[in-house]
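According to the working numbering, the sequence shown is numbered sequentially starting from 16. Even glycine gets a Cβ: it sits at the ideal position worked out from N, Cα and C. Only a predicted model underlies this, so the values are computations on that prediction, with no experimental measurement involved. Data first, discussion second: the structure below is written as structure tokens.
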Amino acid sequence: MEQPHKIPAKSVPPRDGTTHLGPRFWRKRGTLMSEDSGTAGATPVRARAILVIEDDPPIRRALEHALANVTERVIEAETGAAGIAVAAAERPELIVLDLGLPDMAGIDVCREIRSWAPTPIVVLSARHAEGEKVALLNAGADDYVTKPFSTVEFAARARAQLRRSLAGPGLNDPTVRVGD
Ligand code: CA
């Protein structure tokens, strides 16, 4: 759970015309700011659920850590088949897909999910082949991260995908159907 930063009792906003509007908002030079917007400069996005399809427990833990402030919930699947089933059942807002899965090729998982869901897919791979990257993007992947990855960078990439998709026309679109 992401705890909102507490404004310490003594950290009164600066005296340059700033008006304190309560614990979470203050007005500075005409701009309403939330305390969350301080460092990033943009409203942080937060998903309801992100699905991680990865068979390697240490990598799953690293992803869970990286995504802790990006989503309410990280759902995990250890195989491609389980990942596809969970994607259909839980409708996550972002899918992180490892390419080295025990039961099926990551690119097939990507194609399958993309055939019925617009959910952003971030592919995770230990390999570096440019050809593979192109094939994955053609199969519907939205971003490509190579292991080992920086958790900070990974979180930023996940947020970027969420910002794009949550702001897009599909947000309140009830026509996305799964498995009907
Ligand atoms: Ca793997």
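| Check | Outcome |
| --- | --- |
| Whole-number beta carbon distance between GLY115 and VAL138, since they are thought to touch under 8 Å | The Cβ separation is near 11 Å, so there is no contact. |
| Collapsed DSSP secondary structure at VAL85 in the structure displayed | coil |
| Proximity below 8 Å, CB of LEU109 to CB of ILE65 | yes |
| Simplified DSSP state of ASP123, which is helix, strand or coil | helix |
| N- and C-terminal bounds of the beta strand (DSSP E) containing THR161 | 158-161 |
| Straight-line gap, PRO107 to LYS148 (C-alpha atoms, nearest Å) | 23 Å |
| Contact test: GLU127 Cβ vs ligand 1 heavy atom, cutoff 7 Å | no |
| Proximity below 8 Å, CB of GLU69 to CB of ARG63 | no |
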